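Trainee: Pasting in a structure now, in structure tokens, and then I'll have a few things to ask.
Number of protein chains: 2
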Amino acid sequence: MTRAPRTRRPAGARREQILDVAAAAFAVGGYRGTSLAEVASRVGVSQPGLLHHFPTKDSLILAVLRHRDLDDDRHLEAHFADATPTTRDWLTAMGRRNETQPELVRLFTVTAAEALAPEHPAHEFFLERNRRVRASMGALVRRDQERGVLAADLDADQLAIELMALMNGLQLQWLRDPSVDMCGVLEARLDRLVAGER
Amino acid sequence: MTRAPRTRRPAGARREQILDVAAAAFAVGGYRGTSLAEVASRVGVSQPGLLHHFPTKDSLILAVLRHRDLDDDRHLEAHFADATPTTRDWLTAMGRRNETQPELVRLFTVTAAEALAPEHPAHEFFLERNRRVRASMGALVRRDQERGVLAADLDADQLAIELMALMNGLQLQWLRDPSVDMCGVLEARLDRLVAGER
DNA sequence: GTCTATAAATCGATAGAC
DNA sequence: GTCTATCGATTTATAGAC
């Protein structure tokens, strides 16, 4: 029962590989439209072989979502290091990064809509994620207001919801039609918002 | 071969009933998460009995989407009769109407994301619908600009994309959390847009 | 850690009687 | 127009050998 503090292994390359392959598959078919056999085949293992690393399909998609979410958070926070970016800079950076990885955007767009169903394995995940993103976006707006970057008479919570909606809606249109200038529309809105024009 | 011009029948109450029940089911589970057996059971008919009215599952969901889409178009156009509403009035009316029928909003939100997959039966439907809505929204904006309701220096096509994105994104958040004031956020944005404030 | 074999359930669709 | 019966394919998950 006594255990020496083991060095935490990188959980094995297999596990990482499965998460990558599964992310690509779920991004297209969502949870319901993706079979374990399909993921296993692309990984190069049998379907029970896949279930050795993730005991159920539910655990697999949750691991994929959490992994990608953490990865993205880390990237954006590293991008700004210790700086305190404005709402505009934060969202601009997020948009530019998203434009380079349509697969990630698609994973979250497809799965988030699917997960509106209460019995969906990622239903609670998206509820919690939504609350978290909304809160941090509201905090960004309020900080801008205190610094005089954004007008003080704006409702910070309403604006946070509006900007999240804009991001998500632009992503959907961009995924459907890649000729949509996602970043252009986003930045045009942000510029006018900061300028207090319209 | 000669046919007297037959009076177009209402296609039977059964058909309408099936479309209603199927819309409710697809709104929750999308195409992939809804079985014909489930729809048939709620209609009160056997699964082959259901397939008598719609020969395939694909034909059923397409019929549901087209039916609801036409219905909604007709309602909105009737609401404004022969008037030429502004972009703001049009979107406000759309938002208010949507707020009264979450099931319809959910049907299109869930199915649209699912249909990003090229092999989805409604993939082309949403491609075409997206083009159509974007074009008519752009036309609304341009008309407002000609009438001096909206600033002439705005890019009409960009603004059309932004407003569509805002609508879709707000719907997603509102479906996930009904406490989100979808119409409040939308109308706040529209008011400031028309006022040319920010 | 990975496999084969298989259980157990569900799915869309068809055949054919009434 | 609706049914029963059924086909054939697919799905998640388990048992158990190696």
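Protein chains in written order, with full-length UniProt numbering: chain A, 1 to 198; chain B, 1 to 198. For every residue, glycine included, the Cβ atom is placed at its ideal position computed from N, Cα and C. Just so it is clear, the structure is predicted and the values come from calculations on it, not from any experiment.
Can you check whether the C-beta of A:N98 is within less than 7 Å of a C-beta belonging to chain B?
Mentor: Not closer than 7 Å to any Cβ of chain B, the Cβ of A:N98 fails to qualify, so no.
Trainee: Go through the segment 100-178 of chain A residue by residue and report every complete run of the alpha helix (DSSP H) that reaches 4 residues or more, in order.
Mentor: Within the segment 100-178 of chain A, the complete alpha helix (DSSP H) runs of at least 4 residues are 102-114, 123-146 and 156-176.
Trainee: Identify whether B:P48 lies in helix, strand or coil by the three-state DSSP scheme.
Mentor: Here B:P48 sits in helix by DSSP.
Trainee: With burial defined as no fewer than 16 other Cβ atoms inside 10 Å of the residue's Cβ, what is the status of B:F80: buried or exposed?
Mentor: Under this definition B:F80 is an exposed residue.
Trainee: Is the distance from the Cβ of A:A160 to the Cβ of A:V185 below 7 Å?
Mentor: Contact flag unset, no.
Trainee: What does the alpha-carbon distance come out to for the pair B:F125 and B:T111?
Mentor: Whole-angstrom Cα-Cα distance: 11 Å.
Trainee: Please determine if the segment 46-64 of chain B and the segment 15-35 of chain B are in contact, where contact requires at least 3 C-beta pairs separated by less than 8 Å.
Mentor: These segments touch.
Trainee: Taking Cβ-Cβ distances shorter than 8 Å, what residues in chain B pair up with A:D89?
Mentor: Here the premise fails: no neighbours, minimum Cβ distance about 18 Å.
Trainee: Measure the Cβ-Cβ separation of A:G30 and A:E114 and say whether it is below 7 Å.
Mentor: Against a cut-off of 7 Å, the Cβ pair of A:E114 and A:G30 comes out as a contact.
Trainee: Taking C-beta to C-beta, are B:T92 and B:Q171 nearer than 7 Å?
Mentor: Not closer than 7 Å, so no.
Trainee: May I ask you to report which of helix, strand or coil DSSP gives A:E197?
Mentor: Three-state result, A:E197: coil.
Trainee: With a threshold of 8 Å, are at least 3 pairs of Cβ atoms found where one atom belongs to the segment 161-181 of chain A and the other to the segment 180-197 of chain B?
Mentor: Counting Cβ pairs under 8 Å, three or more are found: they touch.
Trainee: With the cut-off set at 7 Å, would you say B:R106 and B:A27 are in Cβ contact?
Mentor: Taking 7 Å as the Cβ cut-off, B:R106 and B:A27 qualify as a contacting pair.
Trainee: Does the beta carbon of B:E162 sit closer than 7 Å to a beta carbon anywhere in chain A?
Mentor: True, the Cβ-Cβ gap to chain A drops below 7 Å.
Trainee: Identify, in the order they occur along the chain, each residue of the same chain with its Cβ nearer than 7 Å to the Cβ of B:L175, setting aside the five sequence neighbours on each side.
Mentor: P102, V105, R106 and T109.
Trainee: With DSSP as the reference, label A:S35 as helix, strand or coil.
Mentor: Reduced to three states, the DSSP call for A:S35 is coil.
Trainee: Would you check if the distance between the CB atom of A:V194 and the CB atom of A:R88 is smaller than 7 Å?
Mentor: Yes.
Trainee: Sort B:L116, B:G138 and B:R97 by Cα distance to B:D155 and report the nearest one.
Mentor: Closest by alpha carbon: B:G138.
Trainee: Can you tell me whether DSSP reads A:V180 as helix, strand or coil?
Mentor: Residue state, collapsed to three classes: coil.
Trainee: CA-CA distance, A:A40 and B:V133?
Mentor: Using only the alpha carbons, I get a separation of about 40 Å.
Trainee: Applying a beta-carbon distance threshold of less than 8 Å, which residues of chain B neighbour A:T109?
Mentor: Within 8 Å Cβ-Cβ: A113 and L116.
Trainee: State the Cα-Cα distance for the pair B:E197 and B:L150, rounded to the nearest angstrom.
Mentor: Straight-line Cα distance between these residues: approximately 11 Å.
Trainee: Given a limit of 8 Å on CB to CB distance, which residues of the UniProt domain "HTH tetR-type" (12-72) of chain A reach chain B?
Mentor: Taking 8 Å as the Cβ-Cβ cut-off against chain B, the residues of the UniProt domain "HTH tetR-type" (12-72) of chain A that qualify are V28, G29, G30, R32 and G33.
Trainee: What would DSSP say about B:D82, mapped onto helix, strand or coil?
Mentor: Coil, per DSSP.
Trainee: Going by CA-CA distance only, name the one from B:P48, B:L62 and B:D72 that's closest to B:A122.
Mentor: Of the candidates B:P48, B:L62 and B:D72, the one whose C-alpha sits nearest the C-alpha of B:A122 is B:L62.
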